[in-house]
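Engineer:
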Amino acid sequence: MASAICVFFIDLISFLYFVMQSEVVSKITNWVEESKVPTSVMTSRTDSSNNVTASRPVYPYPAVAKYTGSGDWHDGANYTQGAPLYTAASRTWAGSSFYTPYTPATRGVAAP
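Using the working numbering, read the sequence shown as starting at -9 and increasing by one per residue.
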């Protein structure tokens, strides 16, 4: 039982380390604290030695990453924001009357 708890905490610490090193946390923090909406987030894949083997930017839906056509396709720097793959309106669904698209708004007084 004690070894299972130890493994759980090691996995938890590894996960928290990954999250803290992640670009996502800083992007969300800037969005919340400084109202800087992220336009993209760089994601990466690592091997067993924690070396980055591939990276790719992720853009807000519905935009997708588009390869520029030059350079290593494993390198996220060689991608730009592409047009949405799907632009057709979707069918009416059960909760559609409750849904309104997100529009960013600044409220209150800006922090000093």
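Beta carbons are placed, not taken as given, at the ideal position from N, Cα and C, and that holds for glycine.
Going residue by residue through the segment 7 to 51, where are the continuous beta strand (DSSP E) segments of at least 3 residues, counting only ones entirely within it?
Structural biologist: 31 to 36 and 42 to 48, all fully within the segment 7 to 51.
Engineer: Look at the alpha carbon of C(-4) and the alpha carbon of S38, and state the distance between them as a whole number of angstroms.
Structural biologist: Below a pLDDT of 50, predicted positions are generally treated as unreliable, and C(-4), at 48, falls in that range; the measurement from the model is reported next regardless. Roughly 21 Å separates the two Cα atoms.
Engineer: Quick one: Cα of N20 to Cα of T77, how far?
Structural biologist: Going from the Cα of N20 to the Cα of T77 covers about 30 Å.
Engineer: What does a CB cutoff of less than 6 Å around A44 pick up in its chain, not counting 5 residues either side in sequence?
Structural biologist: Hits under 6 Å: R35 and H64.
Engineer: Going by DSSP, what residues sit across from G72 in a beta bridge?
Structural biologist: DSSP lists V54 as partners of G72.
Engineer: Looking only at its own chain, which residues have a Cβ that is under 7 Å from the Cβ of Y57, when we skip the five neighbours before and after it?
Structural biologist: These residues qualify, in order along the chain: W63, N68 and Y69.
Engineer: For T33, tell me which candidate among I18, V14, V22 and P50 has the shortest Cα-Cα distance.
Structural biologist: Nearest of I18, V14, V22 and P50 to T33, Cα basis: V14.
Engineer: Which residue from K17, K26, V54 and A55 puts its Cα closest to that of A95?
Structural biologist: The shortest C-alpha separation from A95 is found at K26.
Engineer: Please report the straight-line C-alpha distance between I18 and A73, rounded to a whole angstrom.
Structural biologist: Distance between the alpha carbons of I18 and A73 is about 24 Å.
Engineer: In three-state DSSP terms, what is A95?
Structural biologist: Three-state result, A95: coil.
Engineer: Can you tell me whether S87 is helix, strand or coil according to DSSP?
Structural biologist: In this structure, S87 counts as helix in the three-state DSSP scheme.
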